[in-house]
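Enquirer: Heads up, the sequence shown stops at 463 in my numbering, and the numbers go up one at a time, no gaps.
The beta-carbon is built from N, C-alpha and C at its ideal position, and this holds for glycine as well.
Only a predicted model underlies this, so the values are computations on that prediction, with no experimental measurement involved.
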Amino acid sequence: MTNVAENGRPVRDSRCEMTEIVLPSHTNQLGTMFGGQLMAWVDIAGSISSARHAGGVCVTASIDALQFVAPVKLGQHVCIFSSVNFTGTTSMEVGARLESEDPNSGLRVHVATCYLTFVAIDPSGKPRPVPPVIPETDEERRRYHEAGLRRASRLELKKALQIKRSLVP
Ligand SMILES: CC(C)(COP(=O)(O)OP(=O)(O)OC[C@H]1O[C@@H](n2cnc3c(N)ncnc32)[C@H](O)[C@@H]1OP(=O)(O)O)[C@@H](O)C(=O)NCCC(=O)NCCS
295 MTNVAENGRP
305 VRDSRCEMTE
315 IVLPSHTNQL
325 GTMFGGQLMA
335 WVDIAGSISS
345 ARHAGGVCVT
355 ASIDALQFVA
365 PVKLGQHVCI
375 FSSVNFTGTT
385 SMEVGARLES
395 EDPNSGLRVH
405 VATCYLTFVA
415 IDPSGKPRPV
425 PPVIPETDEE
435 RRRYHEAGLR
445 RASRLELKKA
455 LQIKRSLVP
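What follows is the structure, given as structure tokens:
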């Protein structure tokens, strides 16, 4: 039997596909979706992906900038595809692709891509180690590599801000 904690878990184990219908309460006066509602759904999809990878509940540590490249209209479907891109020691980067789907034509449009960091939590509320993620396809290896660059840049920014704050009287 393979030891997941040591040998890792393939990306496919963390895949989540979530579909929602855009209802009136999700939209603004123009009949298009509130960005915050999309963020709430993407946070849930990311939470499921991270829990599938870590084998337990995780918390959202951060959500990278989320750019909405196309509006989502009342009555459309929102399809969210997420999986773990990269693992640190206790944290994971989850990547999510958001698409709108027209219920009549079936036409799918890319509306946003989002990267979220989740941390696995032990019963006492402290971060706990997660198994390494195993990218198996060229696409997964590309995402793994790019997620590593994003993690380095996040940690660098966090460190720079801490230094700056410590200098402010
Ligand atoms: C996220 C949290 C668990 C980190 O705890 P911490 O005591 O700061 O832990 P550490 O500094 O040891 O960091 C743990 C991991 O989180 C990562 N991390 C911490 N803050 C981060 C941030 N802002 N962005 C990305 N990663 C972060 C660290 O890089 C580390 O990763 P690694 O183990 O893979 O190297 C803690 O800040 C927390 O509980 N935050 C609130 C989470 C929450 O409630 N989310 C929902 C908001 S409504």
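Work out the CA separation of Arg422 and Thr383 for me, nearest whole Å.
Expert: Answer to the nearest angstrom: the Cα atoms are 8 Å apart.
Enquirer: What residues are listed by DSSP as bridge partners for Thr326?
Expert: Lys367
Enquirer: Would you report the Cα separation of Ala441 and Thr321, rounded to the nearest angstrom?
Expert: 32 Å
Enquirer: Can you tell me whether DSSP reads Pro429 as helix, strand or coil?
Expert: coil
Enquirer: In whole angstroms, give me the CA-to-CA distance for Arg306 and Ala348.
Expert: 13 Å
Enquirer: Which of the three DSSP states is assigned to Val388 in this structure?
Expert: strand
Enquirer: Per DSSP, which one or two residues make a beta bridge with Thr354?
Expert: Phe412
Enquirer: At a threshold of 7 Å, does Pro425 count as lining ligand 1 (C-beta to nearest heavy atom)?
Expert: No, ligand 1 has no heavy atom inside 7 Å of this Cβ.
Enquirer: Cα separation between Val424 and Leu324?
Expert: Their Cα atoms are separated by approximately 43 Å.
Enquirer: In the DSSP assignment, find the beta strand (DSSP E) that holds Thr313 and state where it starts and stops.
Expert: 310-315
Enquirer: Within the structure, which residues are defined as neighbours of ligand 1 by a Cβ-heavy atom distance below 5 Å, reported in chain order?
Expert: Per the Cβ criterion, the list is Val353, Thr354, Ala355, Ser356, Gly382, Thr383, Thr384, Ser385, Thr411, Val413, Pro421.
Enquirer: Based on the DSSP output, what are the partners of Ile457 in its beta bridges?
Expert: As DSSP reads the structure, Ile457 sits in no beta bridge.
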